[in-house]
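Structure, as C-alpha cells:
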Amino acid sequence: MTRVFGKALLTALLLIGTSARANDGLTVPPPVFQTGDTPSVPLPEGGAAAQGFVDFFNRTYLKDAPQIPLLSKDQVVWFPPQSAGDTSLELVVRATPGNPPNCNPGDEGYPPQGYPIVCRDDFSTGQFCQACHDSALFVEGGGLPEMMYSTSREDHDVWLANWSQYGDWNANIMRLATRDPIWQAQIETETNTHPWADPHVIQDVCFSCHGEMGERQVEYDFGTEQPFCTDLFYATLPGILSDHERGKPFPPDLSCAPIPGKPVAENPELYAKYGSLARDGVSCETCHRIGLPNENGQWTPTPDPTSYDVFYGPNKYDVDMRQPSEQKRPLQHEFTATFAYDMETIMTPDPVETLDPAPMWDDDRLAIAQAFNTGTKTSYLRQAVLCGACHVLIVPEIPTSYKPGGPLPDSTPELKAQYPYYDRPAACTADRTTFAPATRDQFGNPLTDPCVTLGYEQATYLEWINSAFASEEDNGNTCQGCHMPLVTNPANGSDHGAIMAQSTAGLTAKTYRRHRLMGINLPVFEMFVQFPDVLGVDMHDDNVPDFATTPMGEEMAVIQNYLLNGQMAIVEQATSQANGTGLPEGTTTVEPQAAIEIAIDGVEMRGTVVQADLLITNNAGHKFPSGAGFRRGFLRVEVLDAAGKTLWISGDTNPYGAICDGACMQAADGSWNLLPSETPDGNPANLQPHRETVTKESEVQIYEVQAVDDTGTLTSRTLALFHDAKDNRILPRGYMSVAALGCGDAIVQDSIFGIEKCTAAYATEPQFDSLVPGSAIKADPHYSDDTLAGSDAISYVIDLPEGSAPASVRVAMLYQTIPPGFLAGRFKDGHDGTAFLPATERAIYLTSHLNTNLDLRSEHPDNTDVLFSKDWTTTIFTATAALE
Numbered sequence: 048m049t050r051v052f053g054k055a056l057l058t059a060l061l062l063i064g065t066s067a068r069a070n071d072g073l074t075v076p077p078p079v080f081q082t083g084d085t086p087s088v089p090l091p092e093g094g095a096a097a098q099g100f101v102d103f104f105n106r107t108y109l110k111d112a113p114q115i116p117l118l119s120k121d122q123v124v125w126f127p128p129q130s131a132g133d134t135s136l137e138l139v140v141r142a143t144p145g146n147p148p149n150c151n152p153g154d155e156g157y158p159p160q161g162y163p164i165v166c167r168d169d170f171s172t173g174q175f176c177q178a179c180h181d182s183a184l185f186v187e188g189g190g191l192p193e194m195m196y197s198t199s200r201e202d203h204d205v206w207l208a209n210w211s212q213y214g215d216w217n218a219n220i221m222r223l224a225t226r227d228p229i230w231q232a233q234i235e236t237e238t239n240t241h242p243w244a245d246p247h248v249i250q251d252v253c254f255s256c257h258g259e260m261g262e263r264q265v266e267y268d269f270g271t272e273q274p275f276c277t278d279l280f281y282a283t284l285p286g287i288l289s290d291h292e293r294g295k296p297f298p299p300d301l302s303c304a305p306i307p308g309k310p311v312a313e314n315p316e317l318y319a320k321y322g323s324l325a326r327d328g329v330s331c332e333t334c335h336r337i338g339l340p341n342e343n344g345q346w347t348p349t350p351d352p353t354s355y356d357v358f359y360g361p362n363k364y365d366v367d368m369r370q371p372s373e374q375k376r377p378l379q380h381e382f383t384a385t386f387a388y389d390m391e392t393i394m395t396p397d398p399v400e401t402l403d404p405a406p407m408w409d410d411d412r413l414a415i416a417q418a419f420n421t422g423t424k425t426s427y428l429r430q431a432v433l434c435g436a437c438h439v440l441i442v443p444e445i446p447t448s449y450k451p452g453g454p455l456p457d458s459t460p461e462l463k464a465q466y467p468y469y470d471r472p473a474a475c476t477a478d479r480t481t482f483a484p485a486t487r488d489q490f491g492n493p494l495t496d497p498c499v500t501l502g503y504e505q506a507t508y509l510e511w512i513n514s515a516f517a518s519e520e521d522n523g524n525t526c527q528g529c530h531m532p533l534v535t536n537p538a539n540g541s542d543h544g545a546i547m548a549q550s551t552a553g554l555t556a557k558t559y560r561r562h563r564l565m566g567i568n569l570p571v572f573e574m575f576v577q578f579p580d581v582l583g584v585d586m587h588d589d590n591v592p593d594f595a596t597t598p599m600g601e602e603m604a605v606i607q608n609y610l611l612n613g614q615m616a617i618v619e620q621a622t623s624q625a626n627g628t629g630l631p632e633g634t635t636t637v638e639p640q641a642a643i644e645i646a647i648d649g650v651e652m653r654g655t656v657v658q659a660d661l662l663i664t665n666n667a668g669h670k671f672p673s674g675a676g677f678r679r680g681f682l683r684v685e686v687l688d689a690a691g692k693t694l695w696i697s698g699d700t701n702p703y704g705a706i707c708d709g710a711c712m713q714a715a716d717g718s719w720n721l722l723p724s725e726t727p728d729g730n731p732a733n734l735q736p737h738r739e740t741v742t743k744e745s746e747v748q749i750y751e752v753q754a755v756d757d758t759g760t761l762t763s764r765t766l767a768l769f770h771d772a773k774d775n776r777i778l779p780r781g782y783m784s785v786a787a788l789g790c791g792d793a794i795v796q797d798s799i800f801g802i803e804k805c806t807a808a809y810a811t812e813p814q815f816d817s818l819v820p821g822s823a824i825k826a827d828p829h830y831s832d833d834t835l836a837g838s839d840a841i842s843y844v845i846d847l848p849e850g851s852a853p854a855s856v857r858v859a860m861l862y863q864t865i866p867p868g869f870l871a872g873r874f875k876d877g878h879d880g881t882a883f884l885p886a887t888e889r890a891i892y893l894t895s896h897l898n899t900n901l902d903l904r905s906e907h908p909d910n911t912d913v914l915f916s917k918d919w920t921t922t923i924f925t926a927t928a929a930l931e
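The opening position of the sequence shown corresponds to residue 48 in the numbering used here, with each subsequent residue numbered one higher.
Printed below as a string of C-alpha cells:
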C-alpha cells in the first residue's frame, strides 16, 4: 500500500466521473502565499543563535536548576513519521477491497503485519476520507477540481491552493494536535511534578482532546477504566522504521499494558492501531461521528441537562459537586471531549437525499446521516455546541501535598496555613480527613477522588456563551463562522457553494466552510514547518501535482508544501480575517478585521509631556487572549522623533520574547534589563498590574491570566491552577457581569445550548481581587460596565527629557503563545533529578533552534509594512499618530 492510498483506493472502489468541472479557481478573498512555496528554515544546528538561546534560559530562569544543554536532533526522541517510504503509518480503515480485517483478536491476519490496519467496527483515520475529499487527487479529468483556488491574478506569481476539506485539515493545528511538542512536554512535566497521581490518568485526560480517536478506541476495546498512556502514541508495526527515522529511542513504560502482561513497548503490533488513531490528532471522524447512537443523527435538546450529554459528556465525576467554590452555578457535565459517538454513522451537515451514500456504505460499511438539531432545525455540525465539547477543559487541581490516603490540605490548622488556596469541594464531606486510597500500585486517581477540585484549565466556549456572539443559529458569529470561513463566489456574495465529494459525478454544490480551524499559535506551527523529520510530518504530499490547468487554459503552479496553507491561515486569522473572511454577508467587498484593533483617540504634547489615549477593541468572540492560560498579549508603545528614532518605549522584547524595562539592552555579562514580572520567582507581587494609565518605561500593559497553586506560588502547571492571581484579559463584546445577570437569584437564567449565562459569567469573571499590588481593574469601567465590554482604554502620559523632539506615537498589540517564563517552567519541571525527560529534551532542541524571525507581513491593509513574527512574538495590529 503506497502513500498515494487515497488515489489507489478511489480507483479500486469507485467509478470516477471524469467530466470537466466548471470551477474557475476564483474565490474572495483569494489565497495568499507571501513566500510562495518556500518554507521557513530553522537556525543553524548547534550554531551561535541556538547557543545564545540556551545561555539566556540558563542564566535567566535556571540559575538554581539543572542547566539545559545544547542538543542536536539525533540526541532527542522523534515522533513516528506519518509515512516511511511508500508506507503510511497512519492508515486505519474499517474495510478495503482485498484487505481483510486484521486488527482485533479473531480477525484473519491478526496481529497485523503491515499497513493499512483494517478494523471492522473502529474509527478510520483521515487518509480514508482523503479518497473523496482531497482536491489534489482530481486534477486530471478536465478543469480545476472543486475547492482549489488561485491567488490573485494581479500577483507576480500565481499559485493554486488546495482548500478542500482534506487539504485544509491536513495543514491545521488540530490535525497535528498530538504532535504538538510543547503540549507533549507539558504532559510530561505534569506527571513528573505530581508523583503520586497516576501518570496514565493524566496522560489519558490530555489525549482525550488532542488524540480523541486513539483514546476513545482504547476505552471501547478495554473498558472505560483503561486509560490511554503515552507509549500507545509511539506504537507502530515493527520492521517498518529504520533507526534514522526513529531518532533517539523512546524510553518505555512497561506498566503501560492494556492487555495484561503485554506491555506496549514489547508488543507494538498489538497496539499499533491506537498509535495511528491518536497521531491523527483531531481527525475527521472526531467531529463527524459525534451523535447519539442509533438515532440517525437526530438530536433533540430539552430542559433536562442530560439531553446535552451527547456533546458535553455525562456527570461521571460529580462535576457539579467538585467545582471551585466561586463557581456558584456549577456545570452539570464533564466536557473535556467526553461527547457521544455513533460508531455506525458518519454525520454530515446536509440532508442525506442530496448526497451519495454509496461510497461510505459499500467501502466502509458506514451509514450517512444528517447531524440535525430538531429544536433549531439546523445541523449541529454548524453550531458552536459541537466545539464546546473540547473548548471547556475541566481538569483536576492536584494539591501540592496530594498522596493517596494522605492528610487533606485543610485537615489541620497548620496545613490550612501552608495551603491557603486549597478549595475543598462540596463532594469532600466534612468527615473526610484524607485523600482516597491508591487505585493502581502506589498511585491515586485525582479524577475520581472527591477531595480533589475539578477546575477550568480553559473556558473559551463559556466566554463565547456570555458574549454578544452567542447564538444557537448557524451564522457568522459561531466558532465555525470565524475559524471555518466560507468560500465566496466573486460574482455573487451569497454563493458559498462547492462540490464536497468529487469522486461521484452529478453532485450539486453545497455551502462550504473551509476546514482551516486555526488560532494564532504560529511558533508551534513553525516547528512543523522547520523540523518535519523530528515531528514526523510530511511537508510535501505526493498526490499534489506540480501544475494544474484551469478552464481558461492557464497552467498554474500548485502549492506543494501543504503546511504553507496553515501558515497563512494563522497570519490571516490574526491580522485580517478574525471574523472569518472579512466579508459582510452577501457582499464581495472585503472589510479586513484584526483580532485586536487599536485606535489612538487622542495624542498631544503639553510642555515635555506626551499623552496618548488608546482604545483597544477585541474583535474575537471570546476573551483576548483565550485558551491555554499561559498565552499573553501586551502593548508596545513608542514615542518617535521625525527620523523614526525611538525616544521612549514600553513593551520592548529581547530576542527570546522577554519584556524589558525600556529599550532592551544586553550587558557585558550577557544579562538583559528585564522587567521583574519576567522572572517573578513565584511571587504574584512581582507581576505587572492592570493599569489605566502608564507613565514609565517599566510599566507595561500585559493582558493575561496568571494563577497560583494551593500554596500561593505562581505556576503554569495545568493541574495546579488553584486561584487566579490576575485576569485582565480583554472581555468579548456583549459580556454581562454576574450582577447584571442577577445571578444571585434562584431562578433559572437565560441559557445557550443548555448552559446558563450565569454559569458562564461565574466561570469567566475578571479577577477583581487581584493578588498583584496596584491593580486598577476594579475601577476600570471596561471590566465593570457591561456596555463597555469588548474593549479597554488606557492612557500613556510620558514626561520626556528637555530637548526631546517627539513627532509621533506608535502602538502595537503583541501576542505570545509561548512566553519565555512558561517555556522555562517546562524546562525546570521536565528534569527528574537525574536527567531531562524525553519530551523536555525534544522541546529544548526545537525551541533553541526555532527561527521566529520570518518574512511574513500583516495582511491588514493598514499594516502591510508590519512584520508579523519576530523574536517569539507576533504583531496583531499597529497604529501610529502624529503629535499635534
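A virtual CB, placed ideally from N, CA and C, is assigned to each residue, including glycine.
| Query | Result |
| --- | --- |
| Straight-line gap, R68 to M195 (C-alpha atoms, nearest Å) | Below a pLDDT of 50, predicted positions are generally treated as unreliable, and R68, at 45, falls in that range; the measurement from the model is reported next regardless. The straight-line gap from Cα to Cα measures roughly 11 Å. |
| Residue from V123, L818, P89, A641 whose Cα sits closest to the Cα of A667 | A641 |
| Segment contact flag, the stretch 620–632 with the stretch 520–538, C-beta cutoff 8 Å, min 3 pairs | yes |
| Continuous alpha helix (DSSP H) assignments of at least 4 residues falling wholly in the stretch 761–800 | 785–788 |
| Inter-stretch contact (C-beta, 8 Å, three-pair minimum) for the stretch 577–587 and the stretch 120–132 | yes |
| Under 8 Å between C-beta atoms of V329 and E259 | yes |
| Buried versus exposed, by CB contacts within 10 Å (16 or more), E602 | exposed |
| Nearest to T921 (by Cα), restricted to the options K557, F572, P460, P731 | F572 |
| G261 - containing alpha helix (DSSP H), residue span | 259–269 |
| Alpha-carbon spacing of L788 relative to A517, whole angstroms | 15 Å |
| Beta-carbon proximity of A732 to L721, cut-off 8 Å | no |
| Runs of beta strand (DSSP E) wholly within the stretch 372–432 (minimum 3 residues, chain order) | 392–395, 414–417 |
| Ranges of the alpha helix (DSSP H) found wholly within the stretch 832–906, counting only runs of at least 4 | 867–876, 885–896 |
| S289 versus S323: straight-line alpha-carbon distance, rounded | 18 Å |
| Length of the line joining the Cα atoms of C475 and P497 | 5 Å |
| Residues of its chain near A926, where Cβ-Cβ distance is below 6 Å and the 5 sequence neighbours each way are ignored | I645, I647, V858 |
| Three-way DSSP call (helix, strand, coil) for D660 in this model | strand |
| W206 - DSSP class collapsed to helix/strand/coil | strand |
| Backbone CA spacing between E510 and K670 [nearest angstrom] | 6 Å |
| Segment limits, alpha helix (DSSP H) that includes M195 | No alpha helix (DSSP H) holds M195; the beta strand (DSSP E) holding it covers 195–197. |
| Coarse secondary structure for V819, derived from DSSP in three states | coil |
| Where the beta strand (DSSP E) containing P460 begins and where it ends | No beta strand (DSSP E) contains P460, which is instead part of the alpha helix (DSSP H) from 460–465. |
| Contact under 8 Å by Cβ, Q430 with T525 | yes |
| Supposed close pair A244, F482 - CB separation, criterion 8 Å | That belief does not hold up - the Cβ atoms of A244 and F482 are roughly 10 Å apart, past 8 Å. |
| Strand pairing of N666, partner residues [DSSP] | None; N666 has no bridge partner. |
| Beta-carbon contacts of A929 that lie in its chain and below 8 Å, excluding the five residues immediately before and after | V650, A854, S855 |
| Per-residue burial, Q114 [other beta carbons within 10 Å of its own, 16 or more giving buried] | exposed |
| Coarse secondary structure for Q345, derived from DSSP in three states | strand |
| For S697: DSSP bridge partner residues | V684 |
| C176 in three-state terms, based on DSSP | helix |
| Reduced DSSP secondary structure (H/G/I, E/B, other) of L602 | Checking the sequence, you will find Glu at residue 602 rather than Leu. E602: strand per DSSP, three-state reduction. |
| Supposed contact pair G821 and P908 - C-beta distance, whole angstroms, cut 8 Å | Their Cβ separation, rounded to whole angstroms, is 38 Å, which puts P908 and G821 out of contact at 8 Å. |
| Beta-carbon gap between T392 and R336 smaller than 8 Å | yes |
| Contact with chain D by D716, beta-carbon distance below 8 Å | Although the question refers to chain D, the structure presented lacks it and comprises just one protein chain. |
| Residues that Y355 bridges to, as DSSP identifies them | Looking at the DSSP assignment, Y355 forms no beta bridge with any residue, so it has no partner. |
| Opposing strand residues paired with T134 [DSSP bridges] | A131 |
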